[in-house]
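The structure appears below as structure tokens.
4 protein chains.
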Amino acid sequence: SNNFFLLCGPCAIEGEDMALRIAENVVKITDNLKIPYVFKGSFKKANRSRIDSFTGIGNEKALKILRKVSETFDVPTVTDIHEASDAAMAAEYVDVLQIPAFLVRQTDLVVAAANTGKVVNLKKGQFMSPEAMKHAVQKVKDAGNEQAWITDRGTMFGYQDMIVDFRGIPTMRQYAPTVLDVTHSLQQPNQSIGVTGGRPDMIETIARAGIVNNVDGLFIETHFDPANAKSDGANMLHLDNLEGLLSNLVAIRKTVNSL
Amino acid sequence: SNNFFLLCGPCAIEGEDMALRIAENVVKITDNLKIPYVFKGSFKKANRSRIDSFTGIGNEKALKILRKVSETFDVPTVTDIHEASDAAMAAEYVDVLQIPAFLVRQTDLVVAAANTGKVVNLKKGQFMSPEAMKHAVQKVKDAGNEQAWITDRGTMFGYQDMIVDFRGIPTMRQYAPTVLDVTHSLQQPNQSIGVTGGRPDMIETIARAGIVNNVDGLFIETHFDPANAKSDGANMLHLDNLEGLLSNLVAIRKTVNSL
Amino acid sequence: SNNFFLLCGPCAIEGEDMALRIAENVVKITDNLKIPYVFKGSFKKANRSRIDSFTGIGNEKALKILRKVSETFDVPTVTDIHEASDAAMAAEYVDVLQIPAFLVRQTDLVVAAANTGKVVNLKKGQFMSPEAMKHAVQKVKDAGNEQAWITDRGTMFGYQDMIVDFRGIPTMRQYAPTVLDVTHSLQQPNQSIGVTGGRPDMIETIARAGIVNNVDGLFIETHFDPANAKSDGANMLHLDNLEGLLSNLVAIRKTVNSL
Amino acid sequence: SNNFFLLCGPCAIEGEDMALRIAENVVKITDNLKIPYVFKGSFKKANRSRIDSFTGIGNEKALKILRKVSETFDVPTVTDIHEASDAAMAAEYVDVLQIPAFLVRQTDLVVAAANTGKVVNLKKGQFMSPEAMKHAVQKVKDAGNEQAWITDRGTMFGYQDMIVDFRGIPTMRQYAPTVLDVTHSLQQPNQSIGVTGGRPDMIETIARAGIVNNVDGLFIETHFDPANAKSDGANMLHLDNLEGLLSNLVAIRKTVNSL
């Protein structure tokens, strides 16, 4: 359909019911709009600010839910890995292995992901320039895997804010298909309570700016009850707002494709 | 036409011929595309990094050229002022008085501009948040002038780079019609030779992201010979590329208007 | 005495009594510590965020108070100017003309100040690199005035914070004697209420880091009642704390001079 | 001796001879100046920008060299770990386990380090506020280990520069003993060639500003031949310059202690 693709789901796999419920909804919407869809869910959250934050329901349990989503709705899935030893394990269950932004400079991890033969989705570090992602992509290719993606999730802008540099999109698309992570880009980190804040009111603003600039994919975290999500509730999109958002974006992309 | 408007012209008025030549070209393009057009030109450049930079051809001479452009093509004009005493003088010749980004905190200057009854175009300081522009707009309104505009020209991002924060557009549109200054937003200041650099290859990227987010106007500096322009050549749009850019933007805005 | 010098006083001249009271106290302290002292006070505040902020008691009235302070205590004085036309007027009353950070790129203003033959204290713009101050100093020298100073007052670090880059001190000392403005460097601008906040608890931290790195002078705003000062109360030093701070700094500088 | 302590050594353990040679030199200098000394060396470099950068001579081989340095000169040692599984292994050989800045949010890694009972040196992420380090320290303490240190290695300042925020030192000292990593703080990342640059000319500036503000320790990478060091040569201190630097710092600290 020449459309953008979508990585979308909850931040963390909190359980089977919630995962299936979210997937079902997103599948319906994306089928309708002819948007290629990849279900996203983290099987563990290894990088919380505070030790008492939610970290997961158990690795294997969560990975099995990802597989079940894939089989139930016939969609590919993506999850993030945190140690080289996660790569082979997660590759048994999902189609895309995502390298978290903080970890994208860890060569062992990137190479372990590349060696599985799966797509490797490299998140741009908040501390990295778009140009520096060239080297991260090269590590995947040097391991013999041509399927690298880049995902931008915003750049540090003072201690408590992030900003998206849209000059980065054409820059990074020279190296690999580039995804814009809309919801994490709107995080406001380092808040005094140790829980990241956000600006979910700006989701459509950032998404439109990416789509109009030919970003290959979007990454959006969603939940039917963001206020009670076990992580990142402050910047998620409410599931009820997903269809309206995507409809607008599809119309914009159609125009862009015609230019 | 429910279209965005355009502030466009050379950085500085270098002479009558170049001003008329640029205006004639832009008028033709914008008439065709039904874009309301305001001719832009500085009558003096008061804030160069280096003292040996070009500062102008003489105030009155330049202002008279602005008037001639206005009369010849029946378009309004905009110029920037630098001291309170410039306001009344420039108001004799132009329709919009622009407050430079470095000077937008100077209350005397803003009030002097407001008192002329002309439109006051307030550039957001590179050091200011979008939210802080609320106070600048209020200064214009408190002087009894309801015609304030805001123009974003990028925000400091380290010493030698600027970034556009697109969250600022919906934020500032709450206070006043908001313009995106595409070419200055792509400056790269503080270069070691004392002349500002730029990224003109990113003009369409930044312009699209603004247009898709309902910015009210665009500000673009253009020249038929940027390499030999007397100021800001490093980030100008070549006049030959203006029509293609604007055609794309009009198509995008039409789609956005239909959502 | 091979000591650092001190620019110190209230933010704004609020009246004769408060100016004399502050000067008397600081003179006593600095005489004792053998610190060359320049009394600082603004005769108008032209760059407030909000129009209802305090702007001054009247230009001539305030300048006469500056002269009275100078004559009473036999100390030089410094004030900031905002338009070229202020330069000659202020030069009648004070010894050092200070160019505000937002205005240091305004060539007319810098040249007007230089032409008075007074010392010209150039504040580094929050948006400027240390290296870029070379050009500002050159403008003073090109006007035939060799007495330029540079003052660092912090650099933009996200919308609501400032940071001091101490690499800038040795860099800028290559161009001119360099002053560290401790209190403004601790401002936190763009706060939602339109009044700048601050971190006065960090005054000694920043001052020490400057003194140990051979900064030529310090700039400190002080008041006997910061909470009720008419401007910048949020980041001033309480007058009661000045002597203790300066004693520590003198001891540190003495050690540094001996290395 | 009430002095600051020093973590110092080469970036990477390139071999036994170079490690012993550097250690011998630093031991002599620090013994003389009564500076408690911890020998620093990385046993692997896991986070290079480019895959063809040097990553190490082999884990066990390098760790054995660290032990040999410790035994030869009777000094404690520190090395950095990158995966939870490194913790127990490295703890067999060294006294302090260091968590790299990019990895300080990885709870598994921090807890694994804490569980060894060794001192855990937490590097502040370039993307983190000083205040956010409170949560990292808490993770160590919650694991029953009271021996956490914090090390500041600079904060992102635009894509290609770093800055040290000295307000962070008193802030972080509230949570744990705080070290200033002088040489990494002067890195200039994201350079176009994929190798980090630096400003080694500013080492003494940054070190002095830390010492005068009561930082508990300093971290300095040194080499007898920085230009040929296998990593981070661009910002290392030449071993020949270490004694002069430390002598100055000891004198400054002595004065500060007497205040």
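Chains as they are written, first to last, in our numbering: chain A, 1 to 259; chain B, 1001 to 1259; chain C, 2001 to 2259; chain D, 3001 to 3259.
Glycine included, each C-beta is placed from N, C-alpha and C at the ideal position.
Given the structure is predicted, the values throughout are model-derived calculations rather than measurements.
Asked: What does residue 158 (chain A) reach in chain C if we use C-beta pairs closer than 8 Å?; Found: 2157, 2158, 2159, 2160 and 2161
Asked: Measure the CB-CB distance between residue 11 (chain A) and residue 231 (chain A) and report whether it falls below 8 Å.; Found: yes
Asked: Name the chain C residues that come within less than 8 Å of residue 1103 (chain B), Cβ to Cβ?; Found: 2102, 2103 and 2106
Asked: Alpha carbon to alpha carbon, how far is residue 3234 (chain D) from residue 3151 (chain D)?; Found: 20 Å
Asked: By alpha-carbon positions, which one of A:32, A:64 and A:33 ends up nearest to residue 43 (chain A)?; Found: A:64
Asked: Closest to residue 2135 (chain C) by CA distance: which of C:2156, C:2161, C:2162 and C:2176 is it?; Found: C:2176
Asked: Going along chain A, which residues have a C-beta under 7 Å from residue 3194 (chain D)?; Found: 135
Asked: If we count Cβ pairs, one from each stretch, closer than 8 Å, do we get three or more for the segment 1024-1038 of chain B versus the segment 1084-1092 of chain B?; Found: no
Asked: Would DSSP call residue 1225 (chain B) helix, strand or coil?; Found: coil
Asked: Can you give the Cα-Cα distance for residue 2224 (chain C) and residue 1228 (chain B), rounded to whole angstroms?; Found: 56 Å
Asked: Please determine if the segment 2125-2134 of chain C and the segment 1189-1201 of chain B are in contact, where contact requires at least 3 C-beta pairs separated by less than 8 Å.; Found: yes
Asked: Note the first and the last residue of the continuous alpha helix (DSSP H) segment covering residue 2138 (chain C).; Found: 2133-2142
Asked: At what residues does the alpha helix (DSSP H) containing residue 262 (chain A) begin and finish?; Found: In this structure chain A extends from 1 to 259, so residue 262 (chain A) is not present and cannot be described.
Asked: Could you tell me the distance, in whole angstroms, from the CA atom of residue 3014 (chain D) to the CA atom of residue 3062 (chain D)?; Found: 8 Å
Asked: Of all the options D:3100, D:3138, D:3199 and D:3102, which has the alpha carbon lying nearest to the alpha carbon of residue 194 (chain A)?; Found: D:3138
Asked: Tell me, to the nearest whole angstrom, how far the beta carbon of residue 1122 (chain B) is from that of residue 1093 (chain B); I am working on the premise that it is less than 8 Å.; Found: Their Cβ separation, rounded to whole angstroms, is 20 Å, which puts residue 1122 (chain B) and residue 1093 (chain B) out of contact at 8 Å.
Asked: Under 8 Å, CB to CB, which of the residues in the segment 2055-2088 of chain C have a partner in chain B?; Found: 2055, 2082, 2083, 2084 and 2085
Asked: Looking at the ligand SAM, does it come within less than 7 Å of residue 2026 (chain C), judged from the CB to the closest heavy atom?; Found: This structure lacks the ligand SAM, and indeed carries no ligand of any kind.
Asked: Check whether the Cβ of residue 3013 (chain D) lies closer than 8 Å to any Cβ atom in chain A.; Found: no
Asked: Which of helix, strand or coil does DSSP assign to residue 121 (chain A)?; Found: strand
Asked: At a CB-CB cut-off below 7 Å, which residues of chain A make contact with residue 1165 (chain B)?; Found: 163
Asked: Check whether chain C comes within 8 Å of residue 1174 (chain B), counting only Cβ atoms and requiring the distance to be less than that.; Found: no
Asked: Measuring CA to CA, which of D:3215, D:3213, D:3030 and D:3140 is closest to residue 3074 (chain D)?; Found: D:3030
Asked: Tell me whether the beta-carbon of residue 2252 (chain C) lies closer than 8 Å to the beta-carbon of residue 3256 (chain D).; Found: yes
Asked: Does the beta carbon of residue 2152 (chain C) sit closer than 8 Å to a beta carbon anywhere in chain B?; Found: no
Asked: In three-state terms, what does DSSP make of residue 3238 (chain D)?; Found: strand
Asked: With a threshold of 8 Å between beta carbons, is residue 1130 (chain B) in contact with chain A?; Found: no
Asked: Does any residue of chain D have a CB that is nearer than 8 Å to the CB of residue 230 (chain A)?; Found: no
Asked: List the DSSP bridge partners of residue 2187 (chain C).; Found: C:2198
Asked: Give the straight-line distance between the Cα atoms of residue 3206 (chain D) and residue 3116 (chain D), rounded to the nearest whole angstrom.; Found: 33 Å
Asked: With DSSP as the reference, please indicate the residues paired to residue 3039 (chain D) in a beta bridge.; Found: D:3008 and D:3077
Asked: For residue 2126 (chain C), go through chain B and note every residue whose CB falls closer than 8 Å to its CB, in chain order.; Found: 1127 and 1156
Asked: Identify the contact partners of residue 3051 (chain D) in chain A, using a Cβ-Cβ distance below 7 Å as the criterion.; Found: 107, 138, 139 and 142
Asked: Would you check if the distance between the CB atom of residue 2185 (chain C) and the CB atom of residue 2208 (chain C) is smaller than 8 Å?; Found: no
Asked: In three-state DSSP terms, what is residue 1150 (chain B)?; Found: strand
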